[in-house]
Structures are given as C-alpha cells and as structure tokens.
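A.B. asks: Sharing a structure with you now.
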Amino acid sequence: MISQIFILSSKGDHLIYKDFRGESGGDAVGVFYEKVTALTGDQPPVVMSHKGLHFVHVRQGGLYWVATTTADSSPFTIIEFLNRLSALVKDYCGSLSEKSVQMNFALIYELLDEAVDYGYIQTTSSDVLKNFIQTEAVSSRPFSLFDLSNVGLFGAETQQSKVAPSSAATRPIQSSREQGGKSEIFVDVIERMSVVIGSNGMLMKADVEGEIRVKCYLPNCSGYGAAVRVDEVSFHQMVRLDEFDSHRILRLCPSQGEQMVMQYQLSDDLPSAPPFRLFPTIERDSGGRLLMYLKLRCDLPPKSAAINVAATIPVPKGSLSLSQELSSPDQSAELKPQSRAVVWKIPRFTGGMQLSALFKLEVPGLSSASLLEVGPVGLSFELPKLTATGLQIRFLRLSPVQPGPSQRWVRYVTHSDSYTIRI
Amino acid sequence: MPYLGGEETVRELRRALSNPNVQSDQLRYRNTILKVIRAMSQGVDMSGLFSEMVKACATVDVVQKKLVYVFLCSYAALNPELSLLVINTLRKDCQDPNPMVRSLALRNMTNLRLPSLVEYVEQPLAAGLRDRAACVRRVAVLGWAKLHNLQASSEIDAAVVNELYSLLRDPDPVVMVNCLRALEEILKDEGGVAINKPITHHLLNRLKECDIWGQCQVLRVLQRYRPQSEDELFDILSLLDASLVSPHPPIMAATLSLFLSLCSGQPAVSLAALERVRGPLLAACGSGSREMRFTALCHIQLLLRSIPGLMGAHYKRFFCGYAEPAYIKQRKMQVLVELVNDENVAMLLDELKGYCTDVNAETAQAAITAIGRIGRSYSDRCLEILTGLLGLKQDHITSAVVQTMRDLVWVCPQCSDTVCFALEGCEETLQDSQGRQALLWLLGVYGERVSSAPYTLEVFIDGVRSEASLGVKMELLTATMRLFLCRPAETQDMLGRLLHYCIEEETDMCVRDQALLYYRLLHCGIEETRKVLQGRRSDPSLGVLIGRPAEPVSQWARSFNTLEPLRQGSIETESVSRGSPEHTMFDPKPNADLSNTLDCSRIEKVHSGKEDFVWMEECVRCPTIPRCSPQSLQAAMQLVNIQTLAFTPPQTLPWRVYLYTHTCLDDAPHSTLILGELLYTGEEPQKAEVHKDDKALKGFLSILTTVLHTLSSERA
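Just so you know, the sequences run in chain order X and L.
Just so we're aligned: 374 in full-length UniProt numbering is position 374 of the first sequence, and the numbers increase by one with no gaps anywhere.
Just so we're aligned: 487 in full-length UniProt numbering is position 487 of the second sequence, and the numbers increase by one with no gaps anywhere.
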C-alpha cells in the first residue's frame, strides 16, 4: 500500500506530488529531502524512516522516485512499481529527464491517477492504460543538426538512412497514433558484463546478464527467433514458447511501449575471451615518483570496436600531479583527487589494437606500502553491435504482414557492469 | 515558494480563468488550467482559485476535467463549502454514457475526503458497484473503503459488505482484487476479510488471471488461511510452485512468504522452498535496478540465517562491482563473510583485500571488518592482510585495522602474538577516538608483550590535557593501571601523573570518579587491584563458532518481504563492538561448589567401524560440571585447543556440549578430526567420535579428563 508518491529532481525541486490516502502530513517531501541531503556518501539508503513514515525510493534518470508506505509492505513490490512507473513515464514522454517530467506533468498525473487508486496499484500495463490516457506528450527533444545530416542532398537516399538515428527509439509511444508516425519496432539485445581478472591474468569471474527488449510503435503483432546457450532464462508472460525448444523461436504479441521479452544469464564460461587485457608495470623511480606503465589490449574481433572506454586506476592518497604519455592524441587522462584515481579515456578502441600509457605521479612520502593502494583497475566501456554471449536474432518477422511500410530495427550492445582487473 | 511573487501569479491566473474569451476557447482554457496545476505542484499556494476552478469543472473536455480534479482534490479540505458545488457536476458525470467519465467522477468524488459530502456520495457508489463497465466497478469498490476510512464511526451497511463479498466472483480480476483490498480495510476490526476454504480456492484458481500486483495482493491475503488437512496443504503448495520461481521478484517474494506461513508446522518443506527461490533471488541480485539488487541482498541475508550454506557455490555473484554504491557493497561483504569456506577462502580474501583501499572510507572499513570476521576461522591469512594494511599509514585504515584486531583478539586469543607485534608504531597514524581506544585496550591487556607499550602510553598521558574524547581518557586510565600491574617499574611514575591530573584537574565526573576508584583500589593492595583489573583477555562465550548456527525459519519468517530487513543492517553494523569488548561482556556467575569427586572410570571401544571412524564412549564421573558456567568450561577447553561447537543452556537436562579438535602432527599424512559430545543426564556416559586414530583419541580423552579435573579442583 502506497500513501504518497512524489518525484524530486536531484536538486530537490518538487516535480510531481500525489497523496493517495491523505493520512500522513503534506510535509513528507521536505522531510525526505532533508534526510537525503543530511547524508554523506553517494546514495542514501533505499529505505528511510521518519516518525512512522517510511520512504522507499529509486533513482532513475537522475530523479528521485519516492513512495511513502507502511512498514509491513513488500519492498519488492514497491521498488518494482517505482521502476515500472519510471519506465511508463519514459514510454509516454519519450525520454526520462527532469525536463521531460516537468513538461509532461499533466500526463504523469494522469498516469498516476489511473495506475494507483487509494494507494493500491491498479494496473501498469500500457495496453490498458492507453485507453485512459488522453493527454498528449510534449517531446523535449531539442532541434539538432544531426537530424539534418540524415536528409540526403537533394533528397537522394544516402547510406546514412539505413541506420536509425540513436534517438529514434526515444520518442513517445502515442505520437505514432496521433501524428501518423512511422510504424516501427526496435528489438534491443542488451548485455551487461561483470568480470574480474586476477593479477596473474586469470579470469576469476565472468558473468553476463542479458535482456532482449522490444520497443514497439506498432499497433499490432509480431514474432522472432534466436539460438544460443544461456544458463538461466526467464521470459515475459506474453511470450509463447511453443517453438522455443525446437526452433528457438519466440512468438509474442507485444503491447505498445517497451517490454523486457527475455532475460538470461551466463556465468563463468564465456564463448569468447574477455574483451580487454591489461599489462601493468608499477614502480617507484629514483626521484620518488610513482611510475605506472599500462598496456591495454583489446581482444575483440578486428571489425568491432569498443567505444567510450574509461579505465579508472586508483592511486595513492595525496597524489599531487600527473604527467602522462599516451599513444595517440584522441586519448586523455586526468587525475581526480576526490575519487583518488587516474581516469584514462579512450573514445574508440578497435579490436586487436594495443594501447599504452605511461603515467608519472608526484606523491609526497611515497613508500613501498603505497604501491598497495594502486588497486584494481575498473574499466567501463560500451561494445556496440556485439553481444558477449554471442546471442543473435536471426530473423524478425511480423505476422500478419503489416499494411504499409513498417520498419524493423535490431540493435545489439554490451555494457560493462563491472569490469575489474587486479594489479 | 520557488516563485517570487506567487500572489502576482495567482492574480494573473484568476483574471485569465474568469475571462470569457479564454473560457470559450477550449485550448486556451486548458492551457491556463495547466499553468495553475504546474504552479501547484511546484509548491505555490493556489487555493485562492478554488471557485474559478470549480466552474472550469463543467466541461466536455476530459483532459481538462482530469486536470481540474487534480486541483480540487488537493484543496477540497480547505474549502468544504465550495466543494459542495462540485458535487452536482460529479453526480451528473456519474450518469454519463462514457464509462471513462463515470469512473473518473466516481473516483474523484471519493477522493475529495470531505465527511460532509458522504451522504451525496453513497448513492452513486452503490450504483457503481452494479455498473456495466469494469473500470467503474473497480473504482466503486475501493470507493467504499475510502468512505469507511472517512467516517470510521459509522458502520458500513451490511448489505454493502455482502455485495462486496459477492463481487469477489466478478469476471474482472482487478475488481476481485479491489474487493479483497476494500474488505480488508472495512473489516479491519474483525481481522480483515474472511478467508475460508471456498474463498481461498476461488482466489487460487483465479490467480493466473491477475497481473503481478493483483497476484501479490491475493498471495498476501491468503497468508491468513490455515489448510484443513495435509492433503489440501500440499495441493495448494503444488499449485503455487510455478509462482515460487517467478521471474518477477514481487511474486516470488509474496509466494515464499505464503509458503512460510502455510508450512509453519513443516520446517522441512519451508527449507525446500528456500532452496527453490535461490535462483530467482540470485537473478534479482543481478537486476539492472540497484534498489532491487539491494532488496534481494537483504532478503538473502535472511535466508542465510536458516541455511548458511544456501549460496555457498555462488559466492562470486556477491563480488562487488566497482561502480556499485557503498550500501550495496557493504551488504555484499556481509553476505560474503557468511559464505566463506575452505575452498573459497583464498579467493574471497583476495577480493576483500581489493576493497580495503576503496575511496569510500566506509566501504574500506567494512571490508576490513569483514576480513576480521573471517579471521575468526582463518586467522593466519587474515592477520597477514591486516598487518599489511597497517603499512599504508592511512588514518582511517589503521583505525579500522586496530579495531578489527582488538575484536579478533577478544575472540581468538591465539592471534595475540601477531597482533602485539603489529601494534608497534600504529599510534602515529591513528586519529579518531575509536581507533585510539582500541589501541589503548590492546596495550593495557597485552602490555607485557609489547615492548614499547609504556612509551606509547606516556605520549598519551602527556597529551591528556588536550584530549577531547571521554572514551579515550577512560580507556587510558584502565590501560595504564593494567600496564602498571605487569610492568610496575616503568609505569609507576606516569600512572601517578595521570591519576593526579584526573583527580585534581579533570572536569568530567566520569573520568574523575574512575580515577578516584583506581586510586583507592591501589590503597587496598596490589592483590585486590589485580583481582579487579586483570579481567579476561578473551570472550569465552563466543568461542570459535564459525558463522551463526542455523536458526529456525520461524525466527525471521514474519519480517520476510517487509521493509524490516532493508533497515536492519545499518543498525547491525554500528553495534558491532564499538568501545571495549569487555563492556559488552557479561560477568561469569558465581558457581555452585563443585565436589572434587571426579574420576575417570573406563575407556571402552564401543564400535570400531568399517568406515574411517571409530566410536568411543567414556564415562566421566563428574556430576557438578554442568553446574559450572559454560563460559568457564569453554575457556578451559580452549586453553588445550579443544573448541566448543555448541552447548545447551545451563540448568537444563539433558545438558550437552559438543566439542571438536584436531591433531596437527607434522609427520602424519592428514590430521585426525575428533568430535565429542559431553552429555549429562544425571549419570550418563560421554561419547566421542573420531576418525581412526587411536592414539589421538586417547590423547584427547586424557586431556579432556585433565581439564575437567582441573576445572572442578579450581572451583573447590
């Protein structure tokens, strides 16, 4: 049972406030924000209490989504609901940000009104909700020159129009109905890797958590297939699995908006080598400086590339300045004193390449024990057009065949959830 | 509030709202109303516009209607008279051909929360229960619950309650679930909706039609049901088995809760259910949402209380991601500590070692504490890591390490040598009072083994005037007294100075009183002082119990799937002995006199098996042992390296102690494990089960008898 729901911006502005039961005082928002700001640390605890009022919150899109409730309610339900609510808002508003919530507050009130009554969750299915929601979304996408680049010269078809712009899937679901927008379906295979590589280069742990998401702007129905080994799989309830065991075909009738069709996990035994290896050499030079010579190798196939690679190397406390020698000009490195780390950024890293970096750090009072502080290196990266498990969607067929042009997009991406290399 | 000139805005909006030109243009009217709502949700007081908004309510535009209702529901309580005007429009809307309008009107009618309007609301609500459209029935059903809470005194008509019961058979699943919710609220005083056999079976059969929220609600209500027979119970359980491994964490949790309450009399079934949810819970631990991960982790901690080995094989899933927030990392470490075993200890410690230098000081300290906990069972490896960390010379790490060492030594006295050696030189890096208190405690208790102890204390005593922390001063007094007892020559002078300062100049009463107490104690003679001050060096009541013993499921079943487990941990970590360990210790009770009639009668080989173990039974005549406190027995056993696994509370019969030890002979290929049970039921034998190694067994028995002898002669 939920007493109130409110959405706060990270600065504490009230964006949405709805009181379902009128039981607790109206000052809950203030109390919550006081509690949040009073705490140090990167994120306040999920559950906080104040005089019999319990706040449960999630962070999504840089906003606080907060529900107040009683002590005996199920945290799983409330957190799942808040996540679902933010997903709904994202579906309806196109994207999730302070601005889009502000612009679409009337729509969000309407959603909340239909989704929750008297603190009881009524429905969160976008199929049901679409009959009730009347307000139109205001899209907050700013005018961008990139949109122009898709228009061919003199209207000619260019190569670029075969690739959907990355913002294509961030539009409100309803505009497809009213504005006669393109009927499109996006199938995203998203994987999150969490890997630990030991100091001797041994793979200590490798987990991949993946999901297939379908974002549907079609009024109707579809089906598609895939074949791969995975450890644990779970499916959305609307997926029909008659042909899954024999032909690996998933049949589903997605409702409008975004759905998680399939979730899967693969542990320890990856079909390919981990994408990155690090060969570090760390020593003290005669001048009392800390020398770190790092070689980073990308073991992806040569045709693929990792983007937005950032390696975070913890350095001893009190490190003053950094001098760097990087192997190419597009890379950058920076010493971040608050997080006590050197962050080495590589915008694009093609498979098979090897990059090296030499960092010299000025650390006053450097002792041999300080080398212990040069801790495990964390890598964050994005692997577009690639799945770590090798899962692929062979075909995506819409049945019955749609009248008029419909576009189908399949996108793969692997993110680093946590990629740690010990030194 | 956020706006300067909020009143100006109100005035402007009022002008716009009452402008006939705006009213006639639907789009402009709607936009003006939007502005009002926007200002309202930003915290500006818009209650002054109530009457204008009431007028705006009468429109055919559904969007505008919805917006106006949001406004009216927020401010109705401030304007009860004006709200009466709305009622007419709302009642008219309840007759509207469009079901959406009907449900909207009905919902907002009940959301106004004005007791004065109840009489107008009842009739449309009653009609709503029989509406053709499901969405209207949904609203009407919950409307009765709202009405009931508005006027708790007035009884809801019995006819309505009956009607709600009959609506449990409504074809729409949401109406059914809402009926459950409404009846729960209306019948709260009678203990909620009646859950009898037909209702239960009806709900179970329709469970599949509900969405996840509805399923959770039904499962929760069913917790009150008690099956009439075992067959029925197992029918229900097998029906629910699919939900138990549902990919949706809320359903999984609600089903497990129901399982646990249904099977409260069948612990074996409950444990099997816990095994079943392992997969879904682990999946929730890897969920994309951090908050969901956290919730799952907290509940895994609950499960581990009953099945400590449940997640043993999956310990890698609890390794921390480097970008995870501190609160998840700390929970994961708490879980990791529970999962440690001989195979994974090296991997685990390696991983934890990496967290010790985390940027976040709290995470680093939690990692160090976790290593200390593992040190209770694997002391050598952990001490190696901990002493290595001291080399970093960082105040927060050193402080955490010293505190951890203190806690470790208190439980495992055999670590004291390494700890004493490591302490040298720590005092320079320590900054916070907790860490210094821990250091002082260690110096006091193990002063004779740390050569530099007097000099370290001297530095503290010289700086006592500028010392701000009360705890440090108290600890300093005690530590100096203790050191004086074992190294009087070096300490006498500084003790004098300290006592003089504390008695003559200190303003805090606690410190002064304690100093006076010690001063008078010294007058009584050195023997008296020794008796008072030389307490225990270790906590005999903790022993080497690795992890916690398995608790019955019923201990925590009630708090499963509530907010309770999510809040607990923060308190738990704080209470982990801060301050001196002995302050939390309880004093051993004075024992009844022990007779010294203790003789070992016979050793008899009962069963020498085909397997690789032997049974032995021996009778030790020592009737008074059970009456001596288990703590002193355990302490005595530990001196000869016999560890206590568990014992029954004192004064119960039969009284049992389980013991174990193992031989460590350098030449033997593998060591022998000896498990023993000390049993007392008036006059009963004592048993020991060992791997085949007669010599070791005899040795064990002779040592054991010696201990028992010594113990009773001591008490005599």
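Think of the CB as a built atom: it goes at the ideal place given N, C-alpha and C, for glycine as much as any other residue.
Which residues, in chain order, does the stretch 107–137 of chain X contribute to contact with chain L at a C-beta distance below 8 Å?
C.D. replies: Of all residues in the stretch 107–137 of chain X, 109, 110, 113, 117, 118, 120, 121, 122, 123, 124, 125, 131, 132, 134 and 135 have a Cβ within less than 8 Å of some Cβ in chain L.
A.B. asks: What residue does the alpha helix (DSSP H) around residue 407 of chain L start on, and which one ends it?
C.D. replies: Taking the second sequence and counting its residues from 1, the one referred to as residue 407 of chain L is at position 407. Run containing residue 407 of chain L: 395–411, per the alpha helix (DSSP H) assignment.
A.B. asks: When the Cβ atoms of the stretch 331–340 of chain L are set against those of the stretch 280–290 of chain X, are three or more pairs found closer than 8 Å?
C.D. replies: With a cut-off of 8 Å, the stretch 280–290 of chain X and the stretch 331–340 of chain L do not count as touching, because too few Cβ pairs lie within range.
A.B. asks: Check whether the Cβ atoms of residue 281 of chain L and residue 299 of chain L lie closer than 8 Å to each other.
C.D. replies: As a position in the second sequence, residue 281 of chain L is number 281, starting the count at 1. As a position in the second sequence, residue 299 of chain L is number 299, starting the count at 1. Result yes, Cβ atoms of residue 281 of chain L and residue 299 of chain L sit closer than 8 Å.
A.B. asks: In chain order, what residues of the same chain lie with their CB nearer than 8 Å to the CB of residue 209 of chain L, ignoring the 5 residues before and after it?
C.D. replies: Numbered from its first residue, the second sequence carries residue 209 of chain L at position 209. So the qualifying residues of the chain are 173.
A.B. asks: Alpha carbon to alpha carbon, what distance is there between residue 95 of chain L and residue 133 of chain L?
C.D. replies: Counted from its first residue, the second sequence places residue 133 of chain L at position 133. Counted from its first residue, the second sequence places residue 95 of chain L at position 95. About 13 Å.
A.B. asks: Tell me which residues share the same chain as residue 371 of chain L and place their Cβ nearer than 8 Å to its Cβ, disregarding the 5 neighbours each side in the sequence.
C.D. replies: Start at 1 with the first residue of the second sequence, and residue 371 of chain L comes out as number 371. Same-chain partners within the cutoff: 349, 352, 353, 356, 382, 385, 386 and 404.
A.B. asks: Helix, strand or coil for residue 385 of chain X per DSSP?
C.D. replies: Taking the first sequence and counting its residues from 1, one reaches residue 385 of chain X at position 385. Here residue 385 of chain X sits in coil by DSSP.
A.B. asks: Kindly list, in the order they appear in chain X, the residues whose Cβ is closer than 7 Å to that of residue 216 of chain L.
C.D. replies: On the second sequence, position 216 is the one that residue 216 of chain L refers to. Those within 7 Å of residue 216 of chain L in chain X are 74 and 77.
A.B. asks: Should residue 218 of chain L be labelled buried (16 or more other beta-carbon atoms within 10 Å of its own) or exposed?
C.D. replies: Looking up residue 218 of chain L in the second sequence gives position 218. The residue is buried, with at least 16 neighbouring Cβ atoms inside 10 Å.
A.B. asks: Could you tell me if residue 151 of chain L is buried or exposed, where buried requires 16 or more neighbouring beta carbons within 10 angstroms of its beta carbon?
C.D. replies: Translated into positions along the second sequence, residue 151 of chain L becomes position 151. Result: exposed.
A.B. asks: If distances are taken between C-alpha atoms only, which option among X/110, X/108, X/358 and X/299 comes closest to residue 350 of chain X?
C.D. replies: Taking the first sequence and counting its residues from 1, the one referred to as residue 350 of chain X is at position 350. The shortest Cα separation from residue 350 of chain X among X/110, X/108, X/358 and X/299 belongs to X/299.
A.B. asks: Consider the Cβ of residue 273 of chain X: report whether some Cβ of chain L lies at a distance smaller than 8 Å.
C.D. replies: Here residue 273 of chain X refers to the residue found at position 273 of the first sequence. It does not; no Cβ of chain L falls within 8 Å.
A.B. asks: What residues from the stretch 370–384 of chain X come within 8 Å of chain L, judged by C-beta to C-beta, listed N to C?
C.D. replies: Residues passing the 8 Å Cβ filter: 370, 372, 373, 375, 376, 378 and 380.
A.B. asks: Within 8 Å, do at least three Cβ pairs link the stretch 458–469 of chain L to the stretch 412–422 of chain L?
C.D. replies: Contact fails: fewer than three Cβ-Cβ distances are below 8 Å.
A.B. asks: Using CA atoms only, rank isn't needed, just tell me which of L/451, L/389, L/316 and L/307 is closest to residue 552 of chain L.
C.D. replies: Residue 552 of chain L sits at position 552 when you count from the first residue of the second sequence. When each option's Cα is compared against that of residue 552 of chain L, the closest is L/307.
A.B. asks: Which chain L residues are close to residue 209 of chain X, counting only those with a beta carbon under 9 Å from its beta carbon?
C.D. replies: For this step, residue 209 of chain X is matched to residue 209 along the first sequence. Under the 9 Å cutoff, chain L gives 283, 286, 287 and 288.
A.B. asks: Any C-beta of chain X within less than 7 Å: which residues of the stretch 112–132 of chain L qualify?
C.D. replies: Under the 7 Å Cβ criterion, the stretch 112–132 of chain L contributes 113.
A.B. asks: Would you mind sorting residue 36 of chain L into buried or exposed? The rule is 16 or more other CB atoms within 10 Å of its CB.
C.D. replies: Reading the second sequence from its first residue, position 36 is the one you call residue 36 of chain L. Counting Cβ neighbours within 10 Å, residue 36 of chain L comes out buried, since at least 16 surround it.
A.B. asks: Once DSSP output is grouped into helix, strand and coil, what is the label at residue 68 of chain X?
C.D. replies: To locate residue 68 of chain X, count along the first sequence from 1; it is residue 68. Note: residue 68 of chain X maps to strand in three-state DSSP.
A.B. asks: With 16 as the cutoff for other CB atoms within 10 Å, does residue 105 of chain X come out buried or exposed?
C.D. replies: Sequence index remark: in the first sequence, residue 105 of chain X carries index 105 (1-based). Looking at its Cβ environment, which holds 16 or more other Cβ atoms inside 10 Å, residue 105 of chain X is buried.
A.B. asks: At which residues does the beta strand (DSSP E) containing residue 393 of chain X begin and terminate?
C.D. replies: Position 393 of the first sequence, counted from the first residue, corresponds to residue 393 of chain X. Here the beta strand (DSSP E) through residue 393 of chain X covers 393–397.
A.B. asks: Show which residues of chain X have a CB atom less than 8 Å away from the CB atom of residue 295 of chain L.
C.D. replies: In the second sequence, the residue the question calls residue 295 of chain L occupies position 295. Simply 46, 75, 76 and 79.
A.B. asks: Taking the beta carbon of residue 333 of chain L as the centre, do at least 16 other beta carbons fall within 10 Å, making it buried, or is it exposed?
C.D. replies: Counting from 1 along the second sequence, the entry for residue 333 of chain L is found at position 333. Flag for residue 333 of chain L reads buried.
A.B. asks: According to the neighbour-count rule (16 or more other Cβ atoms, all chains shown, within 10 Å of its Cβ), is residue 370 of chain X buried or exposed?
C.D. replies: In the first sequence, counting from the first residue as 1, residue 370 of chain X sits at position 370. It counts as buried.
A.B. asks: Rounded to whole angstroms, how far is the Cβ of residue 193 of chain L from the Cβ of residue 184 of chain L, which I believe are closer than 8 Å?
C.D. replies: Residue numbering aside, residue 193 of chain L sits at position 193 when the second sequence is read from its first letter. Residue numbering aside, residue 184 of chain L sits at position 184 when the second sequence is read from its first letter. Yes, residue 193 of chain L and residue 184 of chain L are in contact; Cβ-Cβ is about 5 Å, under 8 Å.
A.B. asks: Run down chain X in chain order and give the residues with a C-beta less than 8 Å from the C-beta of residue 13 of chain L.
C.D. replies: As a position in the second sequence, residue 13 of chain L is number 13, starting the count at 1. The premise fails here: residue 13 of chain L is roughly 15 Å from chain X at the closest Cβ pair, so nothing lies under 8 Å.
A.B. asks: Please work out which residues of its chain come closer than 6 Å, Cβ to Cβ, to residue 309 of chain X, disregarding the five sequence neighbours upstream and downstream, and give them in chain order.
C.D. replies: Position 309 of the first sequence, counting from 1, holds the residue named residue 309 of chain X. Cβ neighbours of residue 309 of chain X beyond the five flanking positions: 346, 349 and 381.
A.B. asks: Comparing C-alpha positions only, which one of X/38, X/16, X/78 and X/24 sits nearest to residue 251 of chain L?
C.D. replies: Residue mapping note: residue 251 of chain L aligns to position 251 of the second sequence, counting from 1. Considering only alpha carbons, the answer is X/78.
A.B. asks: According to DSSP, simplified to helix, strand and coil, what is residue 80 of chain X?
C.D. replies: Numbered from 1 along the first sequence, position 80 holds the residue referred to as residue 80 of chain X. Residue state, collapsed to three classes: helix.
A.B. asks: Applying the criterion that 16 or more other CB atoms from any shown protein chain within 10 Å of the CB defines a buried residue, is residue 329 of chain L buried or exposed?
C.D. replies: Counting from 1 along the second sequence, the entry for residue 329 of chain L is found at position 329. Flag for residue 329 of chain L reads buried.
A.B. asks: Let me check one thing: in DSSP terms, what residues is residue 368 of chain L bridge-paired to?
C.D. replies: What you label residue 368 of chain L is simply residue 368 of the second sequence in a count that begins at 1. Note: residue 368 of chain L sits in no beta bridge, so no partner.
A.B. asks: In chain order, what residues of the same chain have a beta carbon less than 6 Å from the beta carbon of residue 196 of chain X, not counting five sequence neighbours either side?
C.D. replies: On the first sequence, residue 196 of chain X is found 196 positions in, with the first residue counted as 1. So the list reads 204, 205 and 420, once near-sequence residues are dropped.
A.B. asks: Is residue 121 of chain X buried or exposed, if buried means 16 or more other CB atoms sit within 10 Å of its CB?
C.D. replies: By one-based count along the first sequence, residue 121 of chain X stands at place 121. By the neighbour-count rule (16 or more Cβ atoms within 10 Å), residue 121 of chain X is buried.
A.B. asks: Where do the N-terminal and C-terminal ends of the beta strand (DSSP E) with residue 472 of chain L fall, by residue?
C.D. replies: Here the question's residue 472 of chain L lines up with position 472 in the second sequence. Looking at the DSSP string, residue 472 of chain L is not in any beta strand (DSSP E); the run it does join, the alpha helix (DSSP H), is 470–486.
A.B. asks: So what does residue 262 of chain X bridge to, in DSSP terms?
C.D. replies: Counted from its first residue, the first sequence places residue 262 of chain X at position 262. Its beta-bridge partners are X/212 and X/235.
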